[in-house]
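Please read the structure below before turning to the comments.
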Amino acid sequence: MLLVAVGAQAAPPYASPTPIARPEIFGTGIFSTGHDDAHPTFSLDGNTAYFVRSSPDFRYWTLLETTFVDGRWSTPEVAPFSGQYNDADVFFTRDGNATYIISNRPVAGRAHTDTDIWVRRRDGAGWGEFSRVDALASDGDEYFPTLTDRGTIYFGSERPGGKGKCDLWRAQPQGDGFGEPENLAALNTPGNDIEAYVSPDESWLIFSSDGRPDTRGAYDLYVTYRCDGAWTEPRNLENLNTTGWEFGARATPDGKYLYFTSNRSTFGEPAGRRLDAGGLDRKLNAPGNGLRDIYRIDLDALELASPCARPGT
């Protein structure tokens with residue numbers, strides 16, 4: 060008898076060895092540090108990650124890069140394409156041929172103050188330079204691009220014509236770019252509706268809002284489903300939300316985990332013992348200090364099965 064051993068495929072570095080039924084902080088000391096850390100994105104193979112680190116007053120933010128080598132994440136460095144301007148919100152298309160970010164870098168050599176969506180594309184020679192997606196640009200800030208498998212782009216924008224200060228928008232692919240942006244009026248409120256992550260098949264969408272009657276904190280995460288071409292009434296994802304801010308949700312490339320950002324604080328909890336100056340300093344400079352940290356949960360724990368007869372249609 061011939062026995063052939065078949066090794067199991069290694070789990071990606073962002074995976075957990077045990078189920079995650081409740082949100083847990085991710086990557087203490089690397090991704091969540093006591094600085095203002097947010098919005099992680101993983102490469103398609105999971106071995107490279109980008110996330111945003113900001114000044115506490117949110118006036119400056121840049122992209123950090125870390126790679127998984129020899130069983131651990133490397134010390135984050137400023138990404139090669141970041142560090143001079145405000146850059147954030149990396150998104151990789153699933154074909155691996157495009158990277159999207161937001162940035163306030165100069166346009167045509169002229170200084171630029173608001174953030175626009177930028178893209179770089181891969182060809183046989185490697186990655187090209189980032190160029191602004193002019194069809195999506197406005198006089199307001201654009202945020203958090205996400206693309207479906209069909210090429211539809213969802214993003215946030217403070218452009219005129221919306222319901223609130225920041226609204227959710229989408230644009231259909233057209234030629235080498237995109238058509239006219241469309242306001243997602245059914246989802247937007249007079250408040251701020253931000254940072255939509257849409258599933259690759261466009262059957263569900265998670266976003267953050269501060270303008271809904273059942274919002275628990277400053278920003279809560281919500282899910283909505285696409286049924287017969289329309290989005291359902293958003294449902295509060297109560298098991299993710301706190302009295303703080305929850306936002307910046309993205310699924311991992313394998314579709315098994317949801318990573319998101321929260322500024323939930325441990326300072327509202329009893330200390331358990333008297334803190335001396337050193338203990339207080341450590342607590343003030345650790346995750347859970349009220350600045351933003353990165354969290355994860357199993358997508359299955361959110362029970363996102365669509366109520367639609369034909370999801371995504």
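Read in order, the letters of the sequence shown are residues 60 to 372 in my numbering.
Glycine included, each C-beta is placed from N, C-alpha and C at the ideal position.
Given residue i as reference, the closest of the options once Cα atoms are compared
i: Asp154; options: Arg209, Ala138, Gly250; result: Arg209
i: Tyr354; options: Ala167, Thr87, Phe326, Ala69; result: Thr87
i: Gly168; options: Gly183, Ser190, Asn156; result: Ser190
i: Ser373; options: Pro240, Pro232, Gly288, Glu305; result: The chain is shown from 60 up to 372; residue 373 falls before or after that span and cannot be answered.
i: Asp198; options: Glu217, Gly183, Asp95; result: Glu217
i: Phe101; options: Ser114, Thr125, Asp273; result: Thr125
i: His351; options: Ser324, Leu363, Arg369; result: The question names His, but residue 351 in the sequence shown is Arg. Of the candidates Ser324, Leu363, Arg369, the one whose C-alpha sits nearest the C-alpha of Arg351 is Ser324.
i: Ser91; options: Pro346, His171, Pro240; result: Pro346
i: Pro165; options: Asp173, Thr158, Tyr159; result: Asp173
Simplified DSSP state of residue i, which is helix, strand or coil
i: Ile79; result: coil
i: Ala336; result: helix
i: Thr372; result: coil
i: Ala69; result: coil
i: Ala147; result: strand
Where the beta strand (DSSP E) through residue i begins and ends
i: Arg112; result: 107-113
i: His98; result: 95-101
i: Arg225; result: Looking at the sequence shown, residue 225 is not Arg but Cys. Run containing Cys225: none; DSSP gives neither H nor E here.
i: Gly270; result: Element bounds for Gly270: n/a, residue is neither H nor E.
i: Ala310; result: 305-310
i: Cys286; result: 279-286
i: Thr121; result: 120-128
i: Arg179; result: 175-182
i: Ile356; result: 352-357
Neighbourhood of residue i by C-beta, 6 angstroms cutoff - its chain only, sequence neighbours within 5 removed
i: Val192; result: Ile176, Val178
i: Ser262; result: Arg285, Ser365, Pro370, Gly371
i: Cys367; result: Tyr284, Cys286
i: Ile356; result: Ile79, Pro82, Leu317
Close beta carbons around residue i, own chain, < 8 angstroms, minus the five adjacent residues each side
i: Ala360; result: Pro78, Ile79, Ala80, Arg81, Asn298
i: Phe117; result: Asp95
i: Trp132; result: Pro72, Gly86, Ile89, Phe90, Ala108, Thr125, Thr126
Other residues of its chain near residue i: CB distance less than 7 angstroms, five sequence neighbours each side excluded
i: Ser141; result: Thr121, Leu122
i: Thr302; result: Arg275, Gly276
Taking 8 angstroms as the cut-off, does the stretch 217-226 touch the stretch 175-185 (at least 3 CB pairs, one atom from each stretch)? no
Using 8 angstroms as the Cβ pair cut-off and three pairs as the minimum, do the stretch 144-156 and the stretch 199-212 touch? yes
Would you say the stretch 253-270 touches the stretch 232-240, given that touching needs at least three Cβ pairs under 8 angstroms? no
For the stretch 326-337 against the stretch 68-82, are there 3 or more C-beta pairs whose distance is under 8 angstroms? no
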